[in-house]
Ligand code: HEM
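In my numbering, the protein residues as written are 17 to 435.
This is how it looks when you write it as structure tokens:
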């Protein structure tokens, strides 16, 4: 008999290779144990919260719930390595790991750059990249692995282009990203077919390598700034001073990685949704004006970021259970995205959901995803190019999922198609 999942299962990367079982666990927890304790071996204990409204309330109260104490779930062994190396169990210091005015000041460095007004300038460039990847799909003939061959690479090219990373360095940055986000998944391949590194390698020096990589580009953009993300970060001023080295490297890391696996998962997951709900595919083909709400639904339905954590600064009580100050809470965004109290038909894929009420796949509150506009813009651009050209598409095999407790989505989506 297969053992049902428990809160402890959320600390096992392999759990996420079977998303339906995870959604069943989330539904059970929402119903019976909205505040559940998890004590997995090899991890400090943590609380698991799964209800939409609870997660939103926690995110809305950053003074009580700090993001920076314990931001994502890491094995104790990894935390110990980070502590020894950086004096902080969290390791790096990107926006997601900051709090209060310090966070606001750093977020301010790129906030306008990621805003709709600035990003609209890049719409033609993103549309051209979408065309390049749909052309690549057409060149592959009648079948491909949509996730591994197409969806994975398109957002990478977009982010790298907007960052200002030279094309020939993309594979290197991708390898670093994979080691950061999915170190447990040994199957992931780079574009040149090389296996991604082991978890141990990932911990040992991935940040140092990111730092080394971006150092030269920082120098370059300080001398001759361009209209790209690297220039914005390299010349960013926080409280009147240039950013500290660790914060700057962390900023590069989050800007170049946060929008990659996540957007790829949403583009791949969106196609799977359209294949599993063919009426939705027909509806979208008939009216590309639905792409705005469809892009939101792709992200809600896929919810690639499985969690972030928050740490109460004082004792708090939820549903009769007291969580002591300093004990971390895992916010399960993917659960919130299917919470029946907000989405009565949450397991249905519906591209015309009117308001998609605060679906939480992009988080909420002061840390709300900075790249939300970019991500949805990319999804729209890709499907606006693909759908008018695609005559037929069907599943050609079993989809598989990336094994990661943090960012997980489709690893493989075999399809047959004609243009
Ligand atoms: C579908 C794609 C994406 C999803 C599902 C996603 C999801 C998230 C989530 C859940 C958070 C944390 C929010 C919170 O703590 O409340 C976040 C933060 C962030 N995301 Fe995204 N993201 C996506 C795409 C992007 C893109 C394209 C970029 C930029 C290139 C980006 C950059 C960031 C940054 C910089 C933060 C940190 C914001 C802060 O802490 O102030 N994301 N994202």
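Here a beta-carbon is modelled for each residue, glycine too, at the ideal position from N, C-alpha and C.
Where residue i falls, given that 16 or more other Cβ within 10 Å makes a residue buried
i: residue 265; result: buried
i: residue 106; result: buried
i: residue 1; result: For residue 1 there is no data in the structure shown, the boundaries of the chain being 17 and 435.
i: residue 70; result: buried
i: residue 384; result: exposed
i: residue 296; result: buried
i: residue 436; result: The shown model of the chain, from 17 to 435, leaves out residue 436, and the question about it has no answer.
i: residue 151; result: exposed
i: residue 58; result: exposed
i: residue 182; result: exposed
i: residue 115; result: buried
i: residue 140; result: exposed
i: residue 370; result: exposed
i: residue 211; result: Only weak support is given to the placement of residue 211: the predicted model assigns it a pLDDT of 39, under 50, and the value that follows is read from those uncertain coordinates. It is exposed - the Cβ of residue 211 has fewer than 16 other Cβ atoms within 10 Å.
i: residue 415; result: buried
i: residue 76; result: exposed
i: residue 217; result: Below a pLDDT of 50, predicted positions are generally treated as unreliable, and residue 217, at 43, falls in that range; no measurement from the model is reported.
i: residue 51; result: buried
i: residue 20; result: exposed
i: residue 144; result: exposed
i: residue 117; result: exposed
i: residue 338; result: exposed
i: residue 131; result: exposed
i: residue 228; result: exposed
i: residue 185; result: exposed
i: residue 333; result: exposed
i: residue 30; result: exposed
i: residue 95; result: buried
i: residue 133; result: exposed
i: residue 366; result: buried
i: residue 239; result: exposed
Sequence-distant residues of the same chain with beta carbon closer than 6 angstroms to residue i, five excluded per side
i: residue 246; result: 179, 180, 233, 237
i: residue 146; result: 397, 398, 401
i: residue 113; result: 84, 87, 106
i: residue 8; result: Beyond the ends of the chain as shown, which are 17 and 435, falls residue 8; an answer cannot be given.
i: residue 207; result: Confidence in residue 207 is poor, its pLDDT being 40 and thus under 50, which makes the residue's placement unreliable; the coordinate value appears in the next sentence. Around residue 207: 187.
i: residue 23; result: 52, 54, 64
Identity of the residues DSSP links to residue i by a beta bridge
i: residue 418; result: Partner(s): none; residue 418 has no beta bridge.
i: residue 6; result: With the chain covering 17 to 435 only, the question about residue 6 has no answer from this structure.
i: residue 65; result: 51, 347
i: residue 39; result: BP columns for residue 39 are empty, so no partner.
i: residue 87; result: Residue 87 is not bridged to any residue.
i: residue 326; result: 345
i: residue 411; result: 431
i: residue 257; result: 254
i: residue 81; result: 328
i: residue 423; result: 321
i: residue 338; result: 333
Contact set for residue i: own chain, Cβ-Cβ below 7 angstroms, skip 5 residues either direction
i: residue 304; result: 400, 403
i: residue 46; result: 66, 67, 351, 355
i: residue 316; result: 353, 372, 375, 377
i: residue 242; result: 180
i: residue 39; result: 354
i: residue 407; result: 434, 435
i: residue 26; result: 54, 64, 346, 421
i: residue 37; result: 21
i: residue 335; result: 50, 51
i: residue 121; result: 254, 255
Spatial neighbours of residue i in its chain, beta-carbon cut-off 8 angstroms, leaving aside the 5 residues before and after
i: residue 349; result: 71, 319, 321, 322, 323, 324, 376, 377, 379
i: residue 410; result: 291, 431, 432, 433
i: residue 73; result: none
i: residue 142; result: 174, 393, 394, 397
- So which residues put a beta carbon under 6 angstroms from any heavy atom of ligand 1, going in chain order? 75, 111, 112, 123, 175, 270, 271, 274, 275, 278, 279, 282, 315, 320, 321, 324, 349, 377, 378, 379, 380, 381, 383, 384, 385, 386, 387, 390, 391
- Message: For the structure I just gave you, are there three or more beta carbon pairs, one from the segment 272–284 and one from the segment 168–185, closer than 8 angstroms?
- Response: yes
- Message: Three Cβ pairs or more, each shorter than 8 angstroms: is that satisfied between the segment 280–294 and the segment 329–349?
- Response: no
- Are the segment 108–117 and the segment 350–357 touching by the rule of at least three beta carbon pairs closer than 8 angstroms? no
- Please determine if the segment 359–366 and the segment 70–88 are in contact, where contact requires at least 3 C-beta pairs separated by less than 8 angstroms. no
- Stretch pair the segment 155–172 + the segment 115–135: three plus CB contacts closer than 8 angstroms: no
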